[in-house]
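Residue numbers (our numbering), protein chains in the order written: chain V, 35 to 184; chain H, 35 to 184. For each residue, glycine too, the CB sits at the ideal point set by N, CA and C.
There are 2 protein chains.
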Amino acid sequence: MLLSKTSEYGIRAMLHLAGIGGDEYVPVKKISQTLNISFHFLTKIFQQLARAGLISSYRGPNGGVRLEIDASKITVKAVVVALDGPDLFTQCVLGLPGCTEDRPCPLHSHWITSRKEIETMLGQKTLAEIGSDLRSGGYRLTAGAEWTDA
Amino acid sequence: MLLSKTSEYGIRAMLHLAGIGGDEYVPVKKISQTLNISFHFLTKIFQQLARAGLISSYRGPNGGVRLEIDASKITVKAVVVALDGPDLFTQCVLGLPGCTEDRPCPLHSHWITSRKEIETMLGQKTLAEIGSDLRSGGYRLTAGAEWTDA
DNA sequence: CGTATTTCCGATAAAATTGTCTTAAAACTG
DNA sequence: CAGTTTTAAGACAATTTTATCGGAAATACG
Chain V
35 MLLSKTSEYG IRAMLHLAGI GGDEYVPVKK ISQTLNISFH FLTKIFQQLA
85 RAGLISSYRG PNGGVRLEID ASKITVKAVV VALDGPDLFT QCVLGLPGCT
135 EDRPCPLHSH WITSRKEIET MLGQKTLAEI GSDLRSGGYR LTAGAEWTDA
Chain H
35 MLLSKTSEYG IRAMLHLAGI GGDEYVPVKK ISQTLNISFH FLTKIFQQLA
85 RAGLISSYRG PNGGVRLEID ASKITVKAVV VALDGPDLFT QCVLGLPGCT
135 EDRPCPLHSH WITSRKEIET MLGQKTLAEI GSDLRSGGYR LTAGAEWTDA
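Shown next, in the form of C-alpha cells:
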C-alpha cells in the first residue's frame, strides 16, 4: 500500500473540510460519522495535523477543527508528509539507505521517475481545487453509495 | 512505504539470483548472508515465490533455490504480486472500495496515471535485464558499501 | 456556579507485519 | 546406514500499525 491508514483517513478528512468550505469549526465527531472513521483515531490524526500547523482546533461547544491556512496553500502532499513523513518522496523503493545516483540500486533511476510523478501529482493538487471539485458533485470520500460528501 | 519488507527482500533476493545467472541451486543461507537479510524470514519469502511458480527449491547438499522460469520472463511486478498481492496496481489511493470512473474519489484520475506509471515500470523491467545490469557493475543490492552484489 | 460539549492525552487492546526458534523431512556423502 | 546439509513448516515473540477507552482540561451557556 502506498499510504498508511492514518494518511488515508487524514486526507479524506482534510478534503472533506475543504469541501465544506468556510472557516467554522467542525466537530471531529461529526466528521468521523460522515466519513465513517473511528472517532478517537481521527482525533489523533487531527492532533498531528494541528502540530504540523495545517489545522487549528477549538474546545467546547461550537468547537472542532478547521483549516488553519488557506486551502489553496495546502497540498495533499503536505498532508501525507505531516502524517506519514517524507519517506515516500525520498526513499529507495527497495529500502536501501543512501540509494543515490552514485550508489544506486538497479531500480533507482526508474523509481525516481515514478516517485517524482507521484510527488508532482500530490504536490500540485491543493485542497482548494479538490474542495471545489467536491462541491461541484460527482465525487465521493466514503465507502458507501453516497454521492459527494462535501 | 510503497512495498512491504517482504517484497523489498524478495525483490532484492530475486535480482541477486538473476545477477548470478546460471541454473544452479543457491542456498538461502548464502543469499541471506550476502544480502544481510534474516535467514528464516527469507526462507519463507522463497516459499511464497515457489508456490507462485517463480522459483524452484531443492533440499540437501548442493540444494537451494533457483529461478524456475526464464529470467527474461519474470518481471519485478510479478515478484511484487506474488508477495504483496495485486492491490498496489488495482486499489484506490484513499483505500475506497470500488473507486472507479463512475464513482471516483477526488484523486482517482490522477492516481490512475501514477499507478499505471509504476505498473508499467515494474512490469517492463525483467530479471534478465537487471541481472545483466548487475553483472556490468555499478549497482548494489545491500545497505553496505559493497559494489555490485551479483 | 453547574452542566453539557468538545478537544487533549495517556493507557490499553487488537491486528498485522516482521523476525526468531525448533523440529521435521528430504537429499547427498561416505 | 549414519551423519551432514538444506529446505519446509509451524510455533512463538517482537514490533508497528490500527483501533478503543476513560478521564482531564477547556469552553460555552444558562
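If contacts are defined as beta-carbon pairs under 8 Å, then residue i and residue j qualify, I think. What distance do you get, rounded to the angstrom?
{"i": "Ala116 (chain V)", "j": "Leu161 (chain V)", "result": "Contact flag wrong, Cβ pair sits at about 13 Å."}
{"i": "Phe80 (chain H)", "j": "Val60 (chain H)", "result": "That belief does not hold up - the Cβ atoms of Phe80 (chain H) and Val60 (chain H) are roughly 10 Å apart, past 8 Å."}
{"i": "Thr77 (chain H)", "j": "His50 (chain H)", "result": "About 15 Å; that fails the 8 Å criterion."}
{"i": "Arg100 (chain V)", "j": "Glu58 (chain V)", "result": "6 Å"}
{"i": "Gly165 (chain H)", "j": "Ala52 (chain H)", "result": "3 Å"}
{"i": "Asp118 (chain H)", "j": "Leu37 (chain H)", "result": "6 Å"}
{"i": "Ser148 (chain V)", "j": "Glu151 (chain H)", "result": "5 Å"}
{"i": "Val113 (chain H)", "j": "Ile45 (chain H)", "result": "5 Å"}
{"i": "Met155 (chain H)", "j": "His144 (chain V)", "result": "5 Å"}
Anything in chain H within Cβ reach of residue i, meaning under 7 Å, just list it in chain order.
{"i": "Val127 (chain V)", "result": "Leu36, Leu37"}
{"i": "His144 (chain V)", "result": "Met155, Lys159"}
{"i": "Arg137 (chain V)", "result": "Arg174"}
{"i": "Lys42 (chain V)", "result": "The identity of residue 42 (chain V) in the sequence shown is Glu, whereas the question assumes Lys. Leu128, Gly129, listed in chain order."}
Would you give the residue range spanned by the beta strand (DSSP E) that residue i belongs to?
{"i": "Val99 (chain H)", "result": "98-101"}
{"i": "Ser91 (chain H)", "result": "89-92"}
For residue i, is the classification buried or exposed, using 16 other Cβ atoms within 10 angstroms of its Cβ as the cut-off for buried?
{"i": "Gly97 (chain V)", "result": "exposed"}
{"i": "Ala184 (chain H)", "result": "Caution is warranted here: a pLDDT of 43 is assigned to Ala184 (chain H), below 50, making its placement in the model unreliable, and no coordinate value can be reported."}
{"i": "Lys111 (chain V)", "result": "buried"}
{"i": "His74 (chain V)", "result": "exposed"}
{"i": "Arg93 (chain V)", "result": "exposed"}
{"i": "Glu135 (chain H)", "result": "exposed"}
{"i": "Asp104 (chain H)", "result": "exposed"}
{"i": "Arg174 (chain H)", "result": "buried"}
{"i": "Asp121 (chain H)", "result": "exposed"}
{"i": "Ser41 (chain H)", "result": "buried"}
{"i": "Lys159 (chain H)", "result": "buried"}
{"i": "Arg85 (chain V)", "result": "exposed"}
{"i": "Gly132 (chain H)", "result": "exposed"}
{"i": "Tyr43 (chain H)", "result": "buried"}
{"i": "Thr109 (chain H)", "result": "buried"}
{"i": "Pro140 (chain V)", "result": "buried"}
{"i": "Gly171 (chain V)", "result": "exposed"}
{"i": "Gly56 (chain V)", "result": "exposed"}
{"i": "Gly178 (chain V)", "result": "exposed"}
{"i": "Ser66 (chain V)", "result": "buried"}
At 9 Å on the CB atoms, spell out the chain V contacts of residue i, in chain order.
{"i": "Ala177 (chain H)", "result": "Gly129, Leu130, Pro131, Gly132"}
So which residues of chain V does residue i contact, with C-beta pairs closer than 8 Å?
{"i": "Ser66 (chain H)", "result": "By Cβ distance, chain V contributes nothing, its closest Cβ being about 16 Å from Ser66 (chain H), past 8 Å."}
{"i": "Pro140 (chain H)", "result": "Leu49, Ile164, Asp167, Leu168, Tyr173, Leu175"}
{"i": "Ser148 (chain H)", "result": "Ser148, Glu151, Ile152, Met155"}
Using the beta-carbon of each residue, which ones in chain H are nearer than 8 Å to residue i?
{"i": "Ile71 (chain V)", "result": "Correct list: empty, because the minimum Cβ distance to chain H is about 11 Å."}
What does residue i reach in chain V if we use C-beta pairs closer than 7 Å?
{"i": "Arg46 (chain H)", "result": "Leu128"}
Locate the alpha helix (DSSP H) running through residue i, then write down its first and last residues.
{"i": "Lys39 (chain V)", "result": "39-54"}
Using a Cβ cut-off of 9 Å, pull out every chain H residue sitting near residue i, in sequence order please.
{"i": "Asp121 (chain V)", "result": "Met35"}
Segments assigned alpha helix (DSSP H), at least 4 residues, entirely inside the segment 58-83 of chain V: The DSSP assignment places 62-69 as complete runs of the alpha helix (DSSP H) inside the segment 58-83 of chain V, in order along the chain (cut-off: 4 residues).
Completely contained alpha helix (DSSP H) runs for the segment 114-181 of chain H, where each covers 4 or more residues: Whole alpha helix (DSSP H) segments, 4+ residues: 121-124, 142-158, 161-170.
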